[in-house]
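Q: Below: one structure in structure tokens.
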Amino acid sequence: MSQEGSVRRTPQEAADRANERIQGTFAGVLGMEFTLLSSDRVEATLKVRQEHKQPWGILHGGAVMTLADTVAGAGAYMNLARGQETVTVELKINLIGAVREGSIRAEAVPLHRGKTTSIWETRITDETGRLVAVSLSTHLVLDQKS
């Protein structure tokens with residue numbers, strides 16, 4: 010059972026709720042937007058803004074990595090039982106292509122969902138579908154502290 014409890018939401022309803030929850034957080038400040046959120050796949054977009062760029066006009070790798078970490082972390086969260094939480098303990102990313110304008114899209118899928126860890130692969134593409142980055146992340150499952 011996911012953290013969503015006994016309330017069944019469609020992936021779009023879950024994404025809408027997640028978009029509300031990230032307001033005021035780092036991902037929200039960046040302008041990230043979930044478009045699909047389920048236990049099997051998470052998708053989100055980020056529109057490139059000037060403040061996301063490094064001094065040479067290219068989208069900063071930190072913005073790309075934040076998007077990758079957030080979508081994979083959301084997927085890990087969707088697979089938790091009530092009373093559990095998750096944190097990223099490892100994130101590796103290969104930045105493959107430069108982006109200067111437009112938006113990027115992330116899609117995260119689970120490679121492993123165990124009792125104590127989950128591993129997610131995230132692919133990030135630009136508006137044309139060109140691969141921009143690939144990340145692999147490990148998420149630790151913890152019991153929530155009171």
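Numbered by this note's numbering, the letters in the sequence shown go through residues 10 to 155 in order. Glycine residues also receive a C-beta, built at the ideal position from the N, C-alpha and C atoms.
Bridge partners for Lys-62 per DSSP, in chain order?
A: Its beta-bridge partners are Leu-68.
Q: What is the rounded straight-line gap between the Cα of Arg-109 and the Cα of Ile-128?
A: Answer to the nearest angstrom: the Cα atoms are 30 Å apart.
Q: May I ask which residues mark the beginning and end of the alpha helix (DSSP H) holding Arg-30?
A: Note, Arg-30: alpha helix (DSSP H), 20–30.
Q: Does the separation of the CB atoms of Val-73 and Asn-103 fall below 8 Å?
A: No. Outside cutoff.
Q: Taking the C-alpha atoms as reference points, what is the distance between Ala-24 and Phe-43?
A: Roughly 5 Å separates the two Cα atoms.
Q: For the alpha helix (DSSP H) that contains Ala-36, what are its first and last residues?
A: Start and end: 35–39.
Q: Please work out which residues of its chain come closer than 7 Å, Cβ to Cβ, to His-69, disregarding the five sequence neighbours upstream and downstream, and give them in chain order.
A: These residues qualify, in order along the chain: His-61, Lys-62 and Gln-63.
Q: List the residues that DSSP assigns as beta-bridge partners of Arg-114.
A: Note: Arg-114 sits in a beta bridge opposite Thr-54 and Thr-134.
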